[in-house]
Every structure is written in C-alpha cells, then in structure tokens.
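Beneath this line is the structure, given in structure tokens, with notes to follow.
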Amino acid sequence: MARIVGAITTSHVPAIGGAIARGLQQEPYWKPFFDGFQAVHRWLQKIRPDVVVVFYNDHGLNFFLDKMPTFAVGAADDYRYADEGWGIPAMFPAFPGQVQLSWHLIESLVRDEFDVTTCQEMLVDHAFAVPMALLWPAAATWPVKTVPIAINTVQHPLPSAARCFKLGQAVGRAIDTFPEDLKVVVVGSGGLSHQLEGPRAGFINKEFDLMCMEKLVGDPVALTRYSNVQLVDLAGSQGVEILMWLAARGALTGDVSSVHSNYHIPISNTASGLMVMENHSVLARGRLDAVLEASDGRPGHR
Ligand code: DHB
Ligand code: FE
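Numbering-wise (our numbering), the sequence shown opens with residue 2 and increments by one.
So, in structure tokens, the structure goes:
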C-alpha cells in the first residue's frame, strides 16, 4: 500500500527561481533562506519518496478568470512549467506525472463528494515549480513523480480553510488506499503572510505566521476556524495561500511531528516559511521507522 511519510510546506516566491538561475544562494540576502533547505535535503535523502502530491495555487497561468476551478487535480503524463512573465528562465525539465495515483485520487475524492476538475493537460506555474527546485536543487531529472492539486486563491469566493483541510483529509484517505507500494510526501506551497498590491503592499505579520506554524503541527483544526476575510486581514491578500498548508497538513493521517522549520523575513514581499512534518501511521505505528531503516544506506534504492 502507499504510505504518506510526511509533509513539506514552503513559500513559493518567483524571485527564488531567479536567484537559483543566477546562482545567488550564498549571497547575504539569500543565504538564510536557502540554508533552511539543507535539513530538508537530508530528510529527503533519508526518506527517498517515490511521489509528491503538491497542493499549490495557480496564479493565472493554467486557469484564468474566465474559467476558475475551485479544486483541480492533474492527471497528465507530465506537467510543463511555462513562462508567466516573472523572468524565471524556463529552466525546469517537465515534471513527470503519476497518472494511476492521479485517477485513484480523483475517483476517491469524487466518491467523497469533492467534485474536482480533472486535468489531463496542465501547465504549472512558479507555485509548483519553485518548491520542486528548492527540494531537489541538483536534479538534472526529477527523482520523484508528481500529482499537482490546484486550489483557487485568485477568483473569490475561495474555498474556506475548513474545506481545504477536509480536501487534504480526503486526499490522505485516498493515498492510504492506493494499492501500489509507494512512499508519498505531500507538499503545501504558498504563504506565509504577504500582500503584493494596494496600500498594504509589503504587509507581513510575523506573530500570526509563527502562531500558524506552531498550530499546524499540533492543532491544525484551530486554523480552520479562520474565515478567508480574517485570513486576508491577518496575513495579507496573498497570505491566504496558507490554505495550501492546511490542505497538506490535512493529508497527514497519523501522529504528526515537526522535524524541521525555518522562518525568514522577507523574501521579496513575503514572509517565507518552511516546515517538514513526519506522519507516523496510527494504524501501523512504527511503519515509518521501518521504512527509514530499510532505505538508510541504500543509495539509488529507488
Ligand atoms: C510574491 C509572492 C507570491 O506568493 C507570488 O505568488 C508572487 C510574488 C512576492 O513576494 O514577490
Ligand atoms: Fe503566490
């Protein structure tokens, strides 16, 4: 059976793609941000996931105001990054899909009353590509297969925090019942507090962000009580992207522990947050430990 081994939640600022392309990781502005990923690389090296299921918000590349699904699940052989005008070079190789898992998720979600849009063709934007480049910086080809799940944060009304958390829970249940023996990591891409436009452009709320990072591990349901208007007020109009973090956290089906976090202000206009959470299956406690032991010291085991 597939196992959800953990979640990674991270910000996705386009300027990060530019910094990677220009090799600025050691510059004083960027170093504290990029250094935060070293522990994540070690964790991924240990875990060696087969698939990542990525909750992200398309910013107007694949979906625009004329047609805006609330939830969309990719079911394509691969997903291409396309230029959105942020000046990120199209340096990313196409992201390989895991079509069987995609359709299993879609079947299970619709059965669970999440009537998602299915996308057998899908371009992905910086919100998908930048986290992938941060997680696997040296990859000439991506070492994991992917399932993108897009959540609308562009055209109001947006799905509520509670609804996104429940979507994540439904995705978690679906992954847990996929018959193939796969190690799955879920990713939540977005946030933390930021606002790009209007009189509050540059708005950041460190206190709120740190509270969210703490609650996300042990009491995520507390965060689902915020309305989207409250989230915009507290975290900025794009800070509402924390919905992706809630969806990813919802997908963790077992005992959850935080194994790494980093918070750095600012990257561009954004308070950047990073978290790694492990998922210890309640049904088969110790299974993750067994997986880790089995994959330790076996380079190229995939
Ligand atoms: C920025 C942040 C985002 O989340 C985004 O999608 C685009 C830009 C920024 O801070 O520049
Ligand atoms: Fe964004």
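Yeah, the Cβ is synthetic: ideal placement off N, Cα and C, and Gly gets one too.
DSSP, read as helix, strand or coil, puts Ile-5 in strand.
Here DSSP, grouped into helix, strand and coil, assigns Asp-116 to coil. When the Cα atoms are used, Arg-81 and Ile-150 turn out to be separated by approximately 14 Å. When secondary structure is reduced to three states using DSSP, His-195 falls in the coil class, being assigned neither helix nor strand. Here Val-74 is near Ile-107, since their CB atoms are less than 8 Å apart. Where His-281 is concerned, the enclosing beta strand (DSSP E) starts and stops at 271-281.
In the three-state reduction of the DSSP assignment, Ala-252 falls in the coil class, being assigned neither a helical nor a strand state.
Relative to Arg-174, the option among Asp-234, Arg-250, Val-222 and Leu-232 whose CA is nearest is Arg-250. Bridge partners of Thr-225 according to DSSP: none are assigned. Selection Met-214, Lys-167 and His-265 evaluated against Leu-110 yields Lys-167 as nearest (Cα-Cα). Within the same chain, and ignoring the five residues on either side of Ile-205 in sequence, the residues whose Cβ sits closer than 7 Å to its Cβ are Ser-194, His-195, Ile-266, Pro-267 and Ala-272. Assignment of Pro-15 by DSSP, reduced to helix, strand and coil, places it in the helix class.
If you measure from each CB to the nearest heavy atom of the ligand DHB, the residues under 7 Å come out as Ser-12, His-13, Val-14, Pro-15, Ala-16, His-60, His-127, Ala-128, Gly-191, His-195, Leu-197, Gln-239, Glu-242, Ile-268, Ser-269, Asn-270 and Thr-271. For Gly-88, there is no enclosing beta strand (DSSP E), as DSSP marks it with neither H nor E.
Considered as a whole, the stretch 131-209 harbours 162-177 as its complete alpha helix (DSSP H) runs of no fewer than 4 residues, in chain order. In the three-state DSSP reduction, Asp-79 falls in the strand class (E or B). Measuring C-alpha to C-alpha distances from His-42 to each of Ala-91, Pro-138 and Gly-7 identifies Pro-138 as the nearest.
Cβ atoms of Pro-15 and Val-131 come within 8 Å of each other, at about 7 Å. At a Cβ-Cβ threshold of 8 Å, Val-53 and Val-125 do not count as neighbours. Comparing alpha-carbon positions, the option among Phe-35, Lys-68, Met-92 and Ala-8 lying closest to Asn-153 turns out to be Lys-68. Apart from the 5 residues on each side of it in sequence, Gly-255 sits with its Cβ closer than 7 Å to the Cβ of Asn-280, His-281, Ser-282 and Val-283 in its chain, given in chain order. Asn-58 has its CB nearer than 7 Å to a heavy atom of the ligand FE.
At a Cβ-Cβ threshold of 8 Å, Leu-197 and Thr-225 do not count as neighbours.
For the pair Pro-33 and Asn-263, the Cα-to-Cα distance works out to about 9 Å. CA-CA distance, Gly-240 to Pro-94, rounds to 29 Å. The Cβ atoms of Val-148 and Ser-190 lie no closer than 8 Å to each other. Short of 6 Å from the beta carbon of Val-277, and not among the five residues preceding or following it, lie these beta carbons of its own chain, in chain order: Ile-9, Val-41, Trp-44, Val-260 and His-261.
The beta-carbon separation of Ala-141 and Leu-244, rounded to 33 Å, does not stay under the 8 Å limit for a contact.
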